[in-house]
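Reading the sequence shown from the start, the letters are residues 1 to 121 in UniProt numbering.
Heads up, the beta-carbon is just placed ideally off N, CA and C, and yes, glycines get one too.
Below is one structure; the comments refer to it alone.
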Amino acid sequence: MTIENKQGYFQAMAEIESLLQIGLSNLTEEADARLDELTSAVESWENKAYPIPENPDFKSLLQYLMRTKGYNQTQLSSELHISKAFLSAILNGTREPNVQLLKSMHTNFNLDGNLLLESLH
């Protein structure tokens, strides 16, 4: 299965959600195989549509999150449980991220911890 566009992506995500609502332990072998197929297709499409820049700096990661999630600074600061002023200062280069922000990005957006630490260079 290959996802070609956002519509296909949203359809696949909706089907994944419906399968997950059944419960992983309640899925038939066929449904489990379908879930694997869908998640692989979604992952492939996300990697193609929203590639994470190689060796990004921290500011680039924040911009990536805003772009891929469709967030503005206010929405991202809310998701990360930080003030808009703190986020703005990081984006402007006048403040550095703290450990709590790194944990929040890892937890809320499943960003790899090593990627986050390496972005602090």
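Quick check: the Cα distance between residue 37 and residue 1, rounded to an integer number of angstroms? Between the alpha carbons of residue 37 and residue 1 lies a gap of roughly 7 Å.
Between residue 24 and chain B, is any beta-carbon pair separated by less than 8 Å? The structure shown has no chain B; it contains just one protein chain.
Whole-number beta carbon distance between residue 51 and residue 60, since they are thought to touch under 8 Å: Between the beta-carbon of residue 60 and that of residue 51 there is about 12 Å, and that puts the pair past the 8 Å contact cut.
What residue does the alpha helix (DSSP H) around residue 4 start on, and which one ends it? For residue 4, no alpha helix (DSSP H) encloses it, and the DSSP letter there is neither H nor E.
Residue 77: buried (16+ other C-beta within 10 angstroms of its C-beta) or exposed? With 16 or more other Cβ atoms inside 10 Å of its own Cβ, residue 77 counts as buried.
Assign residue 119 to one of two classes, buried (16 or more other C-beta atoms within 10 Å of its C-beta) or exposed (fewer than that). Burial check for residue 119: the Cβ neighbour count within 10 Å reaches 16 or more, so the residue is buried.
Spatial neighbours of residue 27 within its chain, please: C-beta separation below 7 Å, excluding the five flanking residues on both sides. The answer, listed in chain order, is 19, 35.
Hey, residue 121 and residue 57: beta-carbon distance below 8 Å or not? Yes, the pair counts as a contact, with Cβ atoms nearer than the cut-off.
8 Å Cβ shell around residue 64 - same chain, five flanking residues per side excluded: So the list reads 50, 52, 53, 56, once near-sequence residues are dropped.
Measuring only the C-alpha atoms, how far is residue 48 from residue 106? Whole-angstrom Cα-Cα distance: 21 Å.
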